[in-house]
Amino acid sequence: MSSATLTPEQRERILRAATSAPSKHNTQPWWFRWSGDDLEVHIDPRRTLRLGDPTGREAHIACGAAAFAARLGYASLGLGTETVLLPGGGPLSVALVRVTGSAPDPRFDTLYWSLPSRRTHRAPFRETPIPSLVLENLRDAARDEGAWLRGVEQEPAYERLLTLIREATGLEDDRLREERARWVDAPDAVHRLDGVPAGSLGPRPLDPTGAVRDLAVGRDVPGRGTIAFESRPAVAVLETRGDTPLAWLTAGQALMRVLVTGTRYGVAASFANQPLENAELRAEVGSEARHYGTAQMVLRLGMGVEVPPTPRRPLSEVLGPEELA
Ligand SMILES: Cc1cc2nc3c(=O)[nH]c(=O)nc-3n(C[C@H](O)[C@H](O)[C@H](O)COP(=O)(O)O)c2cc1C
3 MSSATLTPEQ
13 RERILRAATS
23 APSKHNTQPW
33 WFRWSGDDLE
43 VHIDPRRTLR
53 LGDPTGREAH
63 IACGAAAFAA
73 RLGYASLGLG
83 TETVLLPGGG
93 PLSVALVRVT
103 GSAPDPRFDT
113 LYWSLPSRRT
123 HRAPFRETPI
133 PSLVLENLRD
143 AARDEGAWLR
153 GVEQEPAYER
163 LLTLIREATG
173 LEDDRLREER
183 ARWVDAPDAV
193 HRLDGVPAGS
203 LGPRPLDPTG
213 AVRDLAVGRD
223 VPGRGTIAFE
233 SRPAVAVLET
243 RGDTPLAWLT
253 AGQALMRVLV
263 TGTRYGVAAS
273 FANQPLENAE
283 LRAEVGSEAR
293 HYGTAQMVLR
303 LGMGVEVPPT
313 PRRPLSEVLG
323 PEELA
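Our numbering applies: residue 3 is where the sequence shown begins, and numbers increase by one.
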């Protein structure tokens, strides 16, 4: 533990960065505790999805993303950090972001400033392709965090992945959709600072066979238009070695680094994770790569337009009870 030297404003900056991370249905399944100047990241079991995420895999990904985003917050204050994954102290204590005393990665400060404009992008992308140099940067971002971003570009792999996405959408049962409806365009959404509000669903795709996940599938959302999406979005799979909590957290850190690197260059992402919610289909999404091969996220990538932000809970709600005493 380092002794506490951060000012309240500096702590706030780091926590704001951490809580800007994405999470499935914006459940924000985390809470944080200060340990001197280091930050502990914990899973909040009350905010995990019993049906949509029974093993907690995606909650771990969200917490890994929050840990990486916290590192950017530290870097913006000139502080170098390292992340200790699964540091002990209980099964739900998943990461410790530790101040190292060395200078931060010089790329992190720039990435920090992209955090507020990163959003899950459920609107059509511009037809302009992602420059190949930027795609290279996204792959490097995943690799730097120990994961692999595998572009799925060639046929028949591309069409095969889209088929798996469609197949998985057809397999969703009513109970899963009921659970999702408590978070996505929920009846009490105006009073809440979590979940996905109607305004972030994006328009309904004219051709619903593509890589855009319609989170409101099966329900009518008043005022939601239907429009054509980009003809052939770039699709990529984020893969890890193995499928343990450690791998999920690694995927989360890599995801955040990929997303925020993309934001910097105007590249946005949405996710089509339906096939990963079914064990058999998930095995088919993963590649046969020797070192990686376990699919953790399916990304639809493209040059973004402006889309609205989702809410976040106030920082007072994401701290452990003793911090508030
Ligand atoms: C592990 C994980 C899984 C997700 N799965 C999906 C998905 O399948 N479809 C989708 O549209 N968004 C998905 N999302 C995006 C979340 O809905 C989004 O992060 C959340 O609503 C917060 O919004 P923001 O990303 O714009 O901050 C996922 C995010 C995470 C971290």
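Each residue gets a CB set at the ideal place from its N, CA and C atoms; glycine is no exception. Since the structure is predicted, the reported quantities are computational estimates derived from the model, not experimental observations.
Looking at residue j and residue i, is the spacing between their C-beta atoms short of 8 Å?
| i | j | result |
| --- | --- | --- |
| Ala71 | Met299 | no |
| Leu41 | Val99 | yes |
| His44 | Val96 | yes |
| Gly82 | Ala256 | no |
| Ala67 | Pro31 | no |
| Met305 | Gly254 | no |
| Leu203 | Arg226 | yes |
| Arg182 | Gly58 | no |
| Ala236 | Asp209 | no |
| Pro310 | Gly201 | yes |
| Leu113 | Gln12 | no |
| Ala188 | Glu279 | no |
| Arg124 | Val192 | no |
| Ser272 | Arg152 | no |
| Val186 | Gly197 | yes |
| Ala20 | Gly75 | yes |
| Ile63 | Leu303 | no |
| Ala249 | Thr296 | yes |
| Phe110 | Arg73 | yes |
| Gly36 | Ala6 | First, the residue type needs correcting, since residue 36 is Trp and not Gly in the sequence shown. Their beta carbons are under 8 Å apart, which means Trp36 touches Ala6 by this criterion. |
| Val287 | Pro277 | yes |
| Leu94 | Pro47 | yes |
| Ser25 | Leu117 | no |
Does the beta-carbon of residue i, which I'm using as the reference point, lie nearer than 7 Å to any heavy atom of ligand 1?
| i | result |
| --- | --- |
| Asp274 | Here residue 274 turns out to be Ala, not Asp, going by the sequence shown. Flag set: Cβ of Ala274 near ligand 1. |
| Leu98 | no |
| Val198 | yes |
| Pro24 | yes |
| Leu217 | yes |
| Arg266 | no |
| Ala67 | yes |
| His293 | no |
| Glu241 | no |
| Glu181 | no |
| Arg121 | yes |
| Glu60 | yes |
| Thr312 | yes |
| Asn139 | no |
| Ala64 | yes |
| Asn280 | no |
| Arg194 | no |
| His27 | yes |
| Arg15 | no |
| Arg124 | yes |
On the DSSP bridge assignment, give the partners of residue i in chain order.
| i | result |
| --- | --- |
| Ala97 | Val43, Leu87 |
| Val330 | The requested residue 330 is not part of the displayed model; the chain covers only 3 to 327. |
| Trp36 | Leu41 |
| Val320 | The partner list for Val320 (beta bridge, DSSP) is empty, contrary to what the question assumes. |
Taking only beta-carbon atoms, is residue i less than 8 Å away from chain B?
| i | result |
| --- | --- |
| Glu60 | Looking at the structure shown, chain B is missing, and only one protein chain is on hand. |
message: To test your reading of the DSSP string, which unbroken beta strand (DSSP E) runs of 3 or more residues are found completely within the segment 204-242?
response: Qualifying beta strand (DSSP E) stretches, in chain order: 236-242.
- prompt: What residue ranges within the segment 247-316 form continuous alpha helix (DSSP H) runs of no fewer than 4 residues, ordered along the chain?
  reply: 247-266, 281-287
task: Would you list, in sequence order, the uninterrupted beta strand (DSSP E) runs of no fewer than 3 residues that lie entirely inside the segment 109-171?
output: 150-154
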